[in-house]
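Participant: To start, I am sharing the structure in question, which I have written as structure tokens.
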Ligand code: CP
Ligand code: NVA
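In full-length UniProt numbering, the protein residues as written are 14 to 315.
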């Protein structure tokens with residue numbers, strides 16, 4: 014029997030493998046419809062509430078335009094726009110918003126905040142990035158890899174911080190049987206909890222502290238910033254700790270290169286690599302739109 018549709022998407026493993034494939038198939042179909050200019054107003058008159066405690070370019074604009082294309086509307090709620098963070102608790106925000114909107118997307122610092130939102134909301138809650146996870150990014154990444162390789166029989170090397178983007182990708186790789194190796198400096202590994210969840214879903218990635226070893230034989234090399242939002246105070250230490258982990262032409266052979274963006278050229282990646290033929294970062298960025306439209310339609314049951 015098919016698993017019930019989840020009422021929240023807080024990390025990739027809130028979906029079953031089957032549901033993940035349904036969302037990605039839906040995303041591909043919606044992308045095609047948009048390309049051909051075919052109307053696809055699946056969420057007509059529906060509203061998405063978007064809570065942002067941190068800045069965003071891609072997440073905000075892809076969710077907002079995505080809702081427009083689906084015939085609905087999105088409300089941007091930045092850190093100075095609502096009472097959340099200024100005295101109103103998460104659980105009250107969740108219940109009040111649920112009386113107006115049809116779904117909530119939230120980008121927070123603490124992952125526990127999106128968990129609490131989901132617990133108290135009566136509408137689907139989507140994680141738009143927390144300190145621990147970025148599952149919408151993973152959906153777009155999987156779509157991008159599938160388009161490029163016509164499947165998931167792909168070797169990916171993550172080089173850099175075992176951060177939110179990496180942790181969700183670890184789950185996505187486990188659920189699609191992507192062959193993943195994660196190379197981080199010591200002390201920046203993927204959490205034990207995410208490794209255990211990946212093992213439960215399929216396979217936990219191989220891990221190493223040697224970027225050269227990880228990249229050797231890979232089809233794709235994926236990296237992200239060394240200093241994530243909220244970690245600005247740790248910048249000097251992190252820059253030192255990540256010495257040797259830059260994705261540069263010296264490290265690569267002819268692998269495709271992925272980055273969730275925004276990129277910090279000269280830190281985790283060089284300008285030459287980011288601008289190279291093999292860089293598929295703009296496809297990733299575009300696919301945020303299509304992947305999230307597929308997800309929203311799925312969660313709303315249409
Ligand atoms: N990749 C990503 O989530 O980008 P933004 O921070 O611009 O939303
Ligand atoms: N790891 C980065 C991703 C930004 C999309 C951060 O959390 O800032």
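Glycine residues also receive a C-beta, built at the ideal position from the N, C-alpha and C atoms.
For the alpha helix (DSSP H) that residue 165 lies in, which residues bound it at each end?
Facilitator: Run containing residue 165: none; DSSP gives neither H nor E here.
Participant: Quick check: what's the CA-CA separation for residue 66 versus residue 98?
Facilitator: Near 8 angstroms, if we compare the C-alpha coordinates of residue 98 and residue 66.
Participant: Under 7 angstroms from any heavy atom of the ligand CP, does the C-beta of residue 273 make it?
Facilitator: Residue 273 Cβ: within cutoff of the ligand CP.
Participant: Does the pairing of the region 81-89 with the region 47-58 give three or more beta-carbon distances under 8 angstroms?
Facilitator: A contact exists between the region 81-89 and the region 47-58.
Participant: Quick check on this structure: which residue in 304, 95, 218 has the alpha carbon closest to the alpha carbon of residue 36?
Facilitator: If we check each option's Cα against that of residue 36, 304 comes out closest.
Participant: From 44, 34, 174, 138, pick the residue whose C-alpha is nearest to that of residue 299; which is it?
Facilitator: It is 44 whose Cα lies nearest to the Cα of residue 299.
Participant: In chain order, what residues of the same chain have a beta carbon less than 8 angstroms from the beta carbon of residue 6, not counting five sequence neighbours either side?
Facilitator: Nothing can be reported for residue 6, as the shown portion of the chain is limited to 14 through 315.
Participant: Near residue 202, what residues of its chain come up, given a Cβ to Cβ distance below 7 angstroms and the 5 sequence neighbours on each side ignored?
Facilitator: Hits under 7 angstroms: 175, 220.
Participant: Go ahead and pull the three-state DSSP assignment for residue 139.
Facilitator: Residue state, collapsed to three classes: strand.
Participant: Short check: CB of residue 21 to CB of residue 29, under 8 angstroms?
Facilitator: Result no, Cβ atoms of residue 21 and residue 29 do not sit closer than 8 angstroms.
Participant: Considering just the uninterrupted stretch of the beta strand (DSSP E) at residue 62, what are its terminal residues?
Facilitator: Note, residue 62: beta strand (DSSP E), 60-65.
Participant: Taking the alpha carbon of residue 150 as the reference point, which residue from 230, 49, 297, 311 has its own alpha carbon closest?
Facilitator: Residue 150 has its Cα closest to that of 297, out of 230, 49, 297, 311.
Participant: To the nearest angstrom, how far is the alpha carbon of residue 255 from that of residue 198?
Facilitator: Cα to Cα, the separation comes out at about 6 angstroms.
Participant: Between residue 63 and residue 118, which are expected to be in contact by the criterion C-beta below 8 angstroms, what is the C-beta distance as a whole number of angstroms?
Facilitator: Residue 63 to residue 118, Cβ: 5 angstroms. Contact.
Participant: Return helix, strand or coil for residue 242, following the three-state DSSP convention.
Facilitator: Residue 242: coil per DSSP, three-state reduction.
Participant: For residue 165, tell me which candidate among 71, 48, 290, 190 has the shortest Cα-Cα distance.
Facilitator: Nearest of 71, 48, 290, 190 to residue 165, Cα basis: 190.
Participant: Checking 8 angstroms against the spacing of the C-beta atoms, do residue 116 and residue 88 come in under that value?
Facilitator: No, they are not a contact pair.
Participant: Does DSSP put residue 192 in a helix, a strand or coil?
Facilitator: Correct three-state label for residue 192: strand.
Participant: In chain order, what are the residue ranges of uninterrupted alpha helix (DSSP H) at least 4 long that sit wholly in the region 19-83?
Facilitator: Correct list: 30-48, 71-82.
Participant: In the DSSP assignment, find the unbroken beta strand (DSSP E) run with residue 272 in it and report its ends.
Facilitator: 269-272 is the extent of the beta strand (DSSP E) around residue 272.
Participant: Looking only at its chain, what residues have a beta carbon closer than 6 angstroms to the beta carbon of residue 301, apart from the 5 residues adjacent to it on each side?
Facilitator: Excluding sequence neighbours, residue 301 sits near 71, 75, 153.
Participant: Give every residue of the same chain whose Cβ lies closer than 6 angstroms to the Cβ of residue 241, excluding the five residues on either side of it in the sequence, and list them in chain order.
Facilitator: Once the five neighbours on either side are set aside, the close Cβ partners of residue 241 are 176.
Participant: With distances taken between CB atoms, is the gap from residue 225 to residue 287 smaller than 8 angstroms?
Facilitator: No.
Participant: My guess is that residue 232 and residue 281 are in contact by the Cβ rule of under 8 angstroms, so how many angstroms apart are they, rounded?
Facilitator: With 8 angstroms as the limit, residue 232 and residue 281 do not qualify as a contact, their Cβ atoms being about 20 angstroms apart.
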